[in-house]
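>
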Amino acid sequence: MFRSEKLVRITAQVPEPFISSATAVLTQFKLLHLIRIDETYLGHLGYAAETDGNLLKEYEALFGEVEGTIDTLQARPHGIVPGQRVLPEERVIPEKEVYKVRERLAAIRKEVESTLGELGTAEETLREKKTLVDRFKLLPGDLDLTRLSGRTFVCWMIGLAPAQGLEPLEESLSQVHHAIIELGSAKEQSEILVFGLMKDRHVLERALKGALFESIDIPPKATGTVDALISDLQSAIITLEEKVRSLSGQRETLRQLFAQEILTLREKIIAARQILSARRLFGKIDTSYLISGWIPERLFTALGEELAQVTEGQVIFEKVAPEDLREVREGIVKIPILFNNPILISPFEKLTSLYGTPCYREVEPTVLFALSFLLLFGMMFGDVGQGGVLFAVGYIIFRRLYKYMDYGVILMECGLSSVLFGFLYGTVFGLETVIPALWFRPMDSIPYFIKVSLSLGIVLVSLGLVLNLVNALRLKDYENLLSAGGLAGALLYWMSAGLAMKYFLTGQVEPTELHLLAWTAAGLMTLIVVHRPIYRLIVRKEHPGRILRRAGLLTELMESIVELFDDLIRFTANTVSFIRVAAFALSHAALFAAVFSMADVLAHEKAGSFSYWLVVGAGNIIIILLEGLVVSI
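Oh and the sequence shown: position 334 is 1278 in the working numbering, straight run, nothing missing.
#1: For Val-969 versus Ile-1213, is the C-beta distance shorter than 8 angstroms?
#2: Over what stretch of residues does the alpha helix (DSSP H) that includes Ile-1354 continue unbroken?
#3: Can you give the beta carbon distance from Leu-1243 to Leu-975, rounded, assuming they're within the 8 angstroms contact cut?
#4: Under 8 angstroms, do Phe-1515 and Tyr-1437 count as touching if we go by C-beta distance?
#5: When the Cα atoms are used, what is the spatial distance from Met-1542 to Leu-1375?
#6: Following the continuous alpha helix (DSSP H) through Ser-1116, name the residue where it begins and the one where it ends.
#7: Buried or exposed for Pro-1163, going by 16 or more other Cβ atoms inside 10 Å?
#8: Provide the residue(s) that pair with Cys-1099 in DSSP beta bridges, ordered along the chain.
#9: Between Leu-889 and Leu-1006, which are expected to be in contact by the criterion C-beta below 8 angstroms, what is the C-beta distance as a whole number of angstroms?
#10: Compare the C-alpha of His-1475 against each of Ala-1066, Phe-1313 and Leu-1425 and name the closest.
#11: Identify the continuous beta strand (DSSP E) that holds Thr-955 and give its terminal residues.
#12: Counting C-beta neighbours from all protein chains within 10 Å, is the total for Ala-964 16 or more, i.e. buried, or is it exposed?
#13: Hey, Gly-1326 and Gly-1366: beta-carbon distance below 8 angstroms or not?
#14: Please state whether DSSP places Ile-1214 in a helix, a strand or coil.
#15: Does DSSP put Asp-1161 in a helix, in a strand, or in coil?
#16: Per DSSP, Phe-1261 is paired with what?
#17: For the stretch 1139-1148 and the stretch 1122-1130, state whether three or more C-beta atom pairs, one from each stretch, are separated by less than 8 angstroms.
#18: For Ile-1174 and Ile-1182, what's the separation of their Cα atoms in angstroms?
#19: Helix, strand or coil for Glu-1135 per DSSP?
#20: By a C-beta neighbour count over all protein chains shown, 10 Å radius and 16 as the cutoff for buried, is Trp-1238 buried or exposed?
#21: With respect to the alpha helix (DSSP H) encompassing Tyr-1422, which residues constitute its N-terminal and C-terminal limits?
#22: Using DSSP with H/G/I as helix, E/B as strand and the rest coil, what is Trp-1463?
#23: To the nearest whole angstrom, what separates the beta carbons of Ile-1580 and Leu-1063, a pair I think is in contact under 8 angstroms?
#24: I'd like the list of long-range same chain contacts for Leu-1468, defined as Cβ closer than 7 angstroms, with 5 residues on each side in sequence excluded.
#25: Using the Cα positions of Ser-1138 and Val-1077, report the straight-line distance between them to the nearest angstrom.
#26: State yes or no: is the C-beta of Val-1353 within less than 8 angstroms of the C-beta of Phe-1342?
#27: Let me check understanding here. Comparing Cα to Cα, which of Lys-1263, Leu-1461 and Asp-1510 lies closest to Gln-957?
#28: Take Cys-1358 as the anchor and find which of Gly-1329, Arg-1195, Phe-1384 and Val-1378 has the nearest alpha-carbon.
#29: Helix, strand or coil for Val-1372 per DSSP?
#30: Bridge partners for Asp-1078 per DSSP, in chain order?
#31: Evaluate Gln-1133 with the Cβ neighbour count: other Cβ atoms within 10 Å of its Cβ, from every protein chain shown; 16 or more gives buried, anything less gives exposed.
#32: Roughly how many angstroms lie between the CA atoms of Ala-915 and Pro-1309, to the nearest whole one?
#33: By a C-beta neighbour count over all protein chains shown, 10 Å radius and 16 as the cutoff for buried, is Lys-950 buried or exposed?
#34: DSSP state of Ser-1093, grouped into three classes?
#35: Is there a C-beta anywhere in chain B that falls below 8 angstroms from the one on Ala-1526?
#36: Within its chain, find whatever has a CB closer than 8 angstroms to the CB of Gly-1140; leave out the 5 residues flanking it on each side and keep chain order.
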């Protein structure tokens, strides 16, 4: 928490006969960030390893087969989605595992395919017959299809057309021999039987298409009356349903028999693919593979012991701290980071990453981000009832939708924050007469709420400035301590914000305080503008004349002036923007006022309490969906 996991760069030299076992060990640890050898000097010298492309393609084909079998067998457990990586506990050696997986998968498919194929055919036939019954029910029951079939010179079509379109249809067919017989009506459409000469079929089809005609496809060999055909089809449907139920029972037996094994095969295939893909990042020198990457320091000893065991002690395994690497010190190599947050904070890592990933030695801000996010959400969306609804929805997502579990946790925490501020504001589903306000009611204390929002803005902006200072010290970026985003800018902001808050709270500021602020601000702004040449003069011990002769000195000064004014505007805008906290909370209360007003009017007109509570319930749903989304953004 507040800092990412401490990493070390490991290098392992593994003899070729043991590379599969060693890669399986690395895969089992799951926390190795590999370094691409082809991006290092060894890769440039041609020492990059190669992956067996044919073996990888075979695993790709096996993965497609196992996914199809899982879907057909309905063996996919809840929460597992196609392509999700689930590694088996045991080690997987791709070269050895492929034969076992291929043979066992073929045996399982042979066992289940006959039953599942028959079930699929029966289900498809059942759907077709049910669709046919639905089509026939649109026709008159005494219509004899025997008399319509087998015509040589006459074509016919049955279907539905808009009732108001029949007259234009007649006009469009006036130049050809035809007959339109209206059999009945369904809603605003008419059931029609259209006759025409076979040679004019294309004319008929074009005219019917223009009249929005929906054809009822009749099987070519259908004979007898429509009622008799429907009766025969329904009997066949009953038989097919019994067959489908029987085959479904057999599928359930097969699922219980093979589900766990087929899922284990899937996991082994995924692990083998990952191992083969990872080898593309390895290096190879003579008969040894070279593996390099970043791993948490706490796992170094355990990984070394596992590698020594599977390679019979023939592995060379070393670690180097990031600070000891010249490439890291010079900024050539960027160290990855591994977040290290409690379970209630870790879901916010997704939101932190949207703003960017912190550097390895910087403060890891997810905890502060999460706390400020929840604080602001609760202040803007404070309501006991609606917060409870958000918590319940988040809990359902957390328990039922594994893929979105992190968002369920965030929603539950937002709901709790909303409930807390609901008690502070004294509101339950917009009702302010149910519980007393433990702090204040937003609509009754607008000036006070604005002051609270601005104070919160100053605190959070100050927190950002403190983090900048800490990061500059950790990265030894001392030059930026004198910039607008460093200590000089922080002092200028804190003095200005302090006097501004004193004026808001007391309504007065002493003239001496203003004079002190003006002189101090002038000095700090001057320091910010000239901080780069001053830093070079003090730290790098350069001669003053050399600094003045620098061709880029004027450019540096102009850039510093622009950056200064940009940062001053940014500090002011960011602080003032926190008025939105009060604005959204007030709009929340205003929306409730509008909902209750509409409910009162409707209840008065309808003379009933049901209408009142219906409007209140619908209004709460709209507010939760609409304003909850806006506040989150």
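Where a beta carbon is used, it is the ideal one built from N, C-alpha and C, also for glycine.
With the structure as the only source:
#1: Mapped onto the sequence shown, residue 969 falls at position 25. Mapped onto the sequence shown, residue 1213 falls at position 269. No, the pair does not count as a contact, with Cβ atoms beyond the cut-off.
#2: On the sequence shown, residue 1354 is found 410 positions in, with the first residue counted as 1. Element bounds for Ile-1354: 1349-1369.
#3: Within the sequence shown, residue 1243 is the residue found at index 299, counting from 1. Within the sequence shown, residue 975 is the residue found at index 31, counting from 1. Between Leu-975 and Leu-1243 the Cβ distance is about 6 angstroms, and since that is below 8 angstroms, they are a contact.
#4: Mapped onto the sequence shown, residue 1515 falls at position 571. Mapped onto the sequence shown, residue 1437 falls at position 493. Yes, they are a contact pair.
#5: Counted from its first residue, the sequence shown places residue 1542 at position 598. Counted from its first residue, the sequence shown places residue 1375 at position 431. Each residue's Cα considered, the two are about 15 angstroms apart.
#6: For the purposes of this step, residue 1116 is taken as the residue at position 172 of the sequence shown. Element bounds for Ser-1116: 1110-1116.
#7: For this step, residue 1163 is matched to residue 219 along the sequence shown. Answer is exposed; the Cβ neighbour count stays below 16.
#8: For the purposes of this step, residue 1099 is identified with residue 155 of the sequence shown, where counting begins at 1. According to DSSP, Cys-1099 bridges with Gly-1140.
#9: Outside the shown range of the chain, which is 945 to 1577, sits residue 889, and nothing can be said about it.
#10: If you number the sequence shown from 1, residue 1475 lands on position 531. With distances taken between Cα atoms, His-1475 lies closest to Leu-1425.
#11: Position 11 of the sequence shown, counted from the first residue, corresponds to residue 955. It spans 951-959 - the beta strand (DSSP E) in which Thr-955 sits, taken as one unbroken run.
#12: What you label residue 964 is simply residue 20 of the sequence shown in a count that begins at 1. The sequence given here has Ser at residue 964, not Ala. Ser-964 is buried by the Cβ-count criterion.
#13: As a first step, residue 1326 is located in the sequence shown; it is residue number 382 there, counting from the start. As a first step, residue 1366 is located in the sequence shown; it is residue number 422 there, counting from the start. Yes.
#14: Sequence index remark: in the sequence shown, residue 1214 carries index 270 (1-based). The answer is helix: DSSP assigns Ile-1214 an H, G or I state.
#15: In the sequence shown, residue 1161 corresponds to position 217, counting from 1. The answer is coil: DSSP assigns Asp-1161 none of H, G, I, E or B.
#16: Position 317 of the sequence shown holds residue 1261. Paired residues: Ala-956.
#17: Touching, per the Cβ criterion.
#18: Counting from 1 along the sequence shown, the entry for residue 1174 is found at position 230. Counting from 1 along the sequence shown, the entry for residue 1182 is found at position 238. Approximately 12 angstroms between the Cα atoms of the pair.
#19: Taking the sequence shown and counting its residues from 1, the one referred to as residue 1135 is at position 191. In the structure shown, Glu-1135 sits in a strand (DSSP, three-state: E or B).
#20: Your numbering for residue 1238 matches position 294 in the sequence shown. By the 10 Å Cβ count, Trp-1238 comes out buried.
#21: By 1-based counting over the sequence shown, the position of residue 1422 is 478. It is not in any alpha helix (DSSP H) - Tyr-1422 carries neither H nor E in the DSSP assignment.
#22: The residue labelled residue 1463 in the question sits at position 519 within the sequence shown. In this structure, Trp-1463 counts as helix in the three-state DSSP scheme.
#23: This structure does not reach residue 1580, given that the chain is present from 945 up to 1577, and the question cannot be answered.
#24: Mapped onto the sequence shown, residue 1468 falls at position 524. Hits under 7 angstroms: Ala-1432, Leu-1435 and Leu-1436.
#25: Your numbering for residue 1138 matches position 194 in the sequence shown. Your numbering for residue 1077 matches position 133 in the sequence shown. One point to set straight first is that residue 1138 is Val, not Ser, in the sequence displayed. Rounded to whole angstroms, Val-1138 to Val-1077 spans 21 angstroms at the Cα level.
#26: For the purposes of this step, residue 1353 is identified with residue 409 of the sequence shown, where counting begins at 1. For the purposes of this step, residue 1342 is identified with residue 398 of the sequence shown, where counting begins at 1. Result yes, Cβ atoms of Val-1353 and Phe-1342 sit closer than 8 angstroms.
#27: Within the sequence shown, numbered from 1, the residue matching residue 957 stands at position 13. Of Lys-1263, Leu-1461 and Asp-1510, the residue nearest in Cα terms is Lys-1263.
#28: For the purposes of this step, residue 1358 is taken as the residue at position 414 of the sequence shown. Cα-wise, what sits closest to Cys-1358 is Gly-1329.
#29: Against the sequence shown, residue 1372 aligns to sequence position 428. Three-state DSSP puts Val-1372 in a strand.
#30: Against the sequence shown, residue 1078 aligns to sequence position 134. The partner list for Asp-1078 (beta bridge, DSSP) is empty, contrary to what the question assumes.
#31: Along the sequence shown, one-based indexing puts residue 1133 at 189. Per the 10 Å Cβ criterion, buried.
#32: Past the edges of the chain, shown from 945 to 1577, lies residue 915, and the structure says nothing about it.
#33: Numbered from 1 along the sequence shown, position 6 holds the residue referred to as residue 950. That one is exposed.
#34: Locating residue 1093 in the sequence shown gives position 149, counting from the first residue. Ser-1093 falls in the coil class under three-state DSSP.
#35: No chain B is present in this structure, which holds just one protein chain.
#36: In the sequence shown, the residue the question calls residue 1140 occupies position 196. Counting only Cβ-Cβ distances below 8 angstroms, and skipping sequence neighbours, we find Val-1098, Cys-1099, Trp-1100, Leu-1117, Val-1120, His-1121, His-1122, Ala-1123, Val-1147 and Leu-1148.
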